[in-house]
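S.K.:
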Amino acid sequence: MRWSQGFLPTLRDDPADAEAASHRLLVRGGFIRQLGAGIYSVLPLGRRVLLKIERIIRQEMVGIGGQEFHLPALLPAELWKESGRWDEIGQEMFRLRDRREADLCLGMTHEEIFADLARNELRSYRELPQIWFQIQSKFRDEPRPKSGVLRTRQFTMKDSYSFDSTWEGLDRSFELHLEAYKRIFGRCGLETIAVEAWSGAMGGKESVEFQSFSEAGEDWAVTCPGCAYAANLEKAVSQVDAVEDPEDEAAPERFPTPGVHTIEELARFPGGAPAERQIKTLFYVVDGKPTLFLLRGDHDLSEVRAVDATGTANLRPGHPDEIQESLGASAGSLGAVGVDHLTVYADEALRGRRGMTTGANEDGFHLHHVDVARDLRSPHWVDLREVRRGDRCTKCGTELEVRRSIELGHIFKLGLRYSESMGVRVLNAEGQEVPVVMGSYGIGLERLMAAVVEAHHDENGICWPVSVAPWEAVVVPVKVTDDRQRSVAERLYGELQEAGVEVLLDDRDERAGVKFKDADLIGIPLRVVVGPRALAHGNVELFERAAASSSEVAIEQAASSVGEKIG
RNA sequence: CGGGGCGUGGCGCAGUCUGGUAGCGCACUAGCUUUGGGAGCUAGUGGUCGCCGGUUCGAGUCCGGCCGCCCCGACCA
1387 MRWSQGFLPT
1397 LRDDPADAEA
1407 ASHRLLVRGG
1417 FIRQLGAGIY
1427 SVLPLGRRVL
1437 LKIERIIRQE
1447 MVGIGGQEFH
1457 LPALLPAELW
1467 KESGRWDEIG
1477 QEMFRLRDRR
1487 EADLCLGMTH
1497 EEIFADLARN
1507 ELRSYRELPQ
1517 IWFQIQSKFR
1527 DEPRPKSGVL
1537 RTRQFTMKDS
1547 YSFDSTWEGL
1557 DRSFELHLEA
1567 YKRIFGRCGL
1577 ETIAVEAWSG
1587 AMGGKESVEF
1597 QSFSEAGEDW
1607 AVTCPGCAYA
1617 ANLEKAVSQV
1627 DAVEDPEDEA
1637 APERFPTPGV
1647 HTIEELARFP
1657 GGAPAERQIK
1667 TLFYVVDGKP
1677 TLFLLRGDHD
1687 LSEVRAVDAT
1697 GTANLRPGHP
1707 DEIQESLGAS
1717 AGSLGAVGVD
1727 HLTVYADEAL
1737 RGRRGMTTGA
1747 NEDGFHLHHV
1757 DVARDLRSPH
1767 WVDLREVRRG
1777 DRCTKCGTEL
1787 EVRRSIELGH
1797 IFKLGLRYSE
1807 SMGVRVLNAE
1817 GQEVPVVMGS
1827 YGIGLERLMA
1837 AVVEAHHDEN
1847 GICWPVSVAP
1857 WEAVVVPVKV
1867 TDDRQRSVAE
1877 RLYGELQEAG
1887 VEVLLDDRDE
1897 RAGVKFKDAD
1907 LIGIPLRVVV
1917 GPRALAHGNV
1927 ELFERAAASS
1937 SEVAIEQAAS
1947 SVGEKIG
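Numbers in this note's numbering are just positions in the first sequence, counted from 1, shifted up by 1386.
1. Please identify the residue among P1515, I1941, G1909, D1906 whose C-alpha is closest to the C-alpha of H1923.
2. Thinking just about the alpha-carbon of each residue, which of Y1547, A1885, V1915, A1622 is nearest to the one in L1891?
3. In angstroms, rounded to a whole number, what distance separates the CA positions of R1558 and V1822?
4. How many Å lie between E1405 and S1712 at the Cα?
5. CB S1548 to CB Y1511, shorter than 8 Å?
6. Please report the straight-line C-alpha distance between V1861 and M1494, rounded to a whole angstrom.
7. Should the stretch 1744-1757 be called in touch with the stretch 1640-1659, which here means at least 3 C-beta pairs below 8 Å?
8. Alpha carbon to alpha carbon, how far is D1893 from S1853? Give it in angstroms, no decimals.
9. Does the stretch 1594-1603 come within contact of the stretch 1837-1845, defined as at least 3 CB pairs closer than 8 Å?
10. Between W1792 and F1929, what straight-line distance do the alpha-carbon atoms span, to the nearest angstrom?
11. Let me know the secondary structure DSSP gives A1488 once reduced to three states.
12. Looking at H1796: is its Cβ nearer than 8 Å to the Cβ of S1523?
13. DSSP three-state label for T1696, please.
14. Taking L1678 as the reference, give the member of L1431, W1767, V1900, R1486 with the closest Cα.
15. Where does Y1547 sit, in a helix, a strand or coil, going by DSSP?
16. In chain order, what residues of the same chain have a beta carbon less than 8 Å from the beta carbon of T1867, not counting five sequence neighbours either side?
17. Under DSSP, the alpha helix (DSSP H) around N1814 begins and ends at which residues?
18. List the DSSP bridge partners of L1753.
19. Below 8 Å CB to CB, which residues in the same chain sit around R1778 once its five sequence neighbours on both sides are set aside?
20. With a floor of 4 residues, list each alpha helix (DSSP H) that falls wholly inside the stretch 1853-1913, ordered by position along the chain.
21. Could you check if T1698 is buried or exposed, using at least 16 other CB atoms within 10 Å of its CB as the buried criterion?
22. Using only alpha-carbon positions, find the residue among H1685, R1573, E1498, E1513 that is nearest to L1813.
23. Take M1543 and list the residues in its own chain whose beta-carbon comes closer than 6 Å to its own, dropping the five residues that flank it on each side.
24. From the DSSP output, in three-state form, read off H1350 for me.
25. Go through the stretch 1607-1635 residue by residue and report every complete run of the beta strand (DSSP E) that reaches 3 residues or more, in order.
26. What residue does the beta strand (DSSP E) around D1557 start on, and which one ends it?
27. If we call anything under 8 Å between Cβ atoms a contact, is P1676 one with L1619?
28. Which partner residues does G1828 have in the DSSP bridge list?
29. How many whole angstroms separate the CB atoms of L1461 and I1499, which I take to be in contact at a CB cut-off of 8 Å?
30. Using CA coordinates, which residue listed in K1901, I1908, F1669, L1800 is at the minimum distance from H1496?
31. Pick helix, strand or coil for E1772, following the three-state DSSP scheme.
32. In this structure, how does DSSP classify D1502 when only helix, strand and coil are distinguished?
33. Evaluate C1491 with the Cβ neighbour count: other Cβ atoms within 10 Å of its Cβ, from every protein chain shown; 16 or more gives buried, anything less gives exposed.
34. Go ahead and label R1441 buried or exposed: buried means 16 or more other beta carbons lie within 10 angstroms of its beta carbon, across all protein chains shown.
35. Could you tell me whether the Cβ atoms of H1755 and A1637 are closer together than 8 Å?
36. Quick check: the Cα distance between I1439 and R1569, rounded to an integer number of angstroms?
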């Protein structure tokens, strides 16, 4: 394509409200434009990148036996009511009514719809396994869209669903996806790790996320340098570092702590206690009922674990007035000693601890000499603690690392979650009707594009890997009004097109600096510069964007050199 | 939903405190000069100052309400 005829709206300035590099560069480079919070238009440049990502995904999905569908995004409520998710999923689902007042929603995922097709059409185990996929828009009313296209309310997802007659079959389908996903991300130029994850609203028994390390991410990946262990922070486990408590037979004793509201303040307070010798008391409202979560002072609550422990996702931190009403004190002076009118969950790390310090349920006072076993009224012992950097791996004892990451894909062993609620059954070899064992697998495409930018950019712009670059090469005549330069540039443009290279010709009558800046910004991997310096020797320059390295080749060799470099 | 910030030509911003009828840089149009890393000069185009209401002779500016967007904490591809 000729640049002068294309729509490539690059901006000279960074957009004011973009912080993440991918957001900034994709907007500035003319790949995307914002329409609303978490709603983006994809421009021609961005579309080319997404189509390349789609092609890679499609090839790999077909490679594991996947068959492509295209389901509606506008979905009747009935199927969701059947699976129970119409009520389970809260405000994240976009809901609407048609003119007959029938409930509908915009698809946020398609388990129900594929399960409906499966139950209507599949009859025998001999038709299985099946892997069905689509590449389609998803809608999720995120509480907080952010970072450009990393987290949006409408996005494109490759979602696939496997149907097997046995659990072993599900394991195979899952494994096929695991390997396909590794290839997909690798081909897009991303290093990823597969981590154990929490299944969340999808349900099912086991799930794995693919994450790419990036400071722009919103997830945390816990990895063990000593063994293969890797997990999402939500799911990660670790050994508790043991704390030696002194002999302390004394009864709990109230003591004044004026102005102390936090663990840190109490640790610094004369006569206070180090964080690991305090009991942190968190007040939550769970299914409408006030509830306490107890942790070691230096540990943090994992809300996902709290959800697991309580069996409901309906929980939130208590409001100040609720706390006051239940315990007669404000957050910062709370404790569970003597509390028997609230449900209390205690983290395993507190088991057997004594000589502890905790709030006295009276503002400005704490208790010393608390013996967990003796002074707490039969709490529910559960795992509430969030893993942190430096904790030891449960498998090999090595210190764990915790790093920011972007969740690129998530694969789930759904098991019978949908086949039982929706009646997806086939006959097995014995002629008995059995529920189909399902899996579901998703990749967010725009997020994947953004993650590639996060991983491949510098101060001048994006450095696309050739596999997903909007154009593979750009031919830049330094001065288009120069006849020699223009004719050589046209010649190379033609030769490269002939050779099947996706090539741009920057035929704009702009100064060289403008054209170089733009080419850097939009990240074309290879730039062929046609200028007087090299032409004097019958050469042109080849500039490799990512390496920022330049070399000269003879005009006659230029097209084939480009072909070699872009592989 | 809690906290913080911001809405002024396409983009980036000033002007708001202290009311007087909208300005700068970039981009865009035309001309001349220039031409290897975002050129210079000249002349132009383009804005109901987020929306509604109020105060006032007069509102971008003051008051009230609403809407939108960004960032930080609880959710997910």
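By construction, the Cβ of each residue, glycine as well, lies at the ideal position given by its N, Cα and C atoms.
M.R.: In terms of the structure at hand:
1. I1941
2. V1915
3. 14 Å
4. 42 Å
5. Not closer than 8 Å, so no.
6. Rounded to whole angstroms, the gap between the alpha carbons of V1861 and M1494 is 42 Å.
7. yes
8. 25 Å
9. yes
10. Note on identity: in this sequence residue 1792 is Ile, with Trp being the wrong assignment. Answer to the nearest angstrom: the Cα atoms are 31 Å apart.
11. A1488: coil per DSSP, three-state reduction.
12. no
13. helix
14. W1767
15. strand
16. D1895
17. Note, N1814: premise wrong, no alpha helix (DSSP H); not H, not E.
18. R1640, T1744
19. S1624, Q1625, D1627, T1784, E1785, L1786
20. 1869-1884, 1898-1908
21. exposed
22. Comparing Cα-Cα distances from L1813 to each of H1685, R1573, E1498, E1513, the minimum goes to E1513.
23. Excluding sequence neighbours, M1543 sits near K1524, G1828, G1830.
24. Outside the shown range of the chain, which is 1387 to 1953, sits residue 1350, and nothing can be said about it.
25. Segments of the beta strand (DSSP E) lying fully in the stretch 1607-1635: 1616-1618.
26. Premise fails: D1557 lies in the alpha helix (DSSP H), 1553-1573, not in any beta strand (DSSP E).
27. no
28. D1545, H1796.
29. Sure, about 6 Å apart at Cβ, within 8 Å.
30. L1800
31. In the three-state scheme derived from DSSP, where H, G and I count as helix and E and B as strand, E1772 is classed as coil.
32. helix
33. buried
34. exposed
35. yes
36. Approximately 12 Å between the Cα atoms of the pair.
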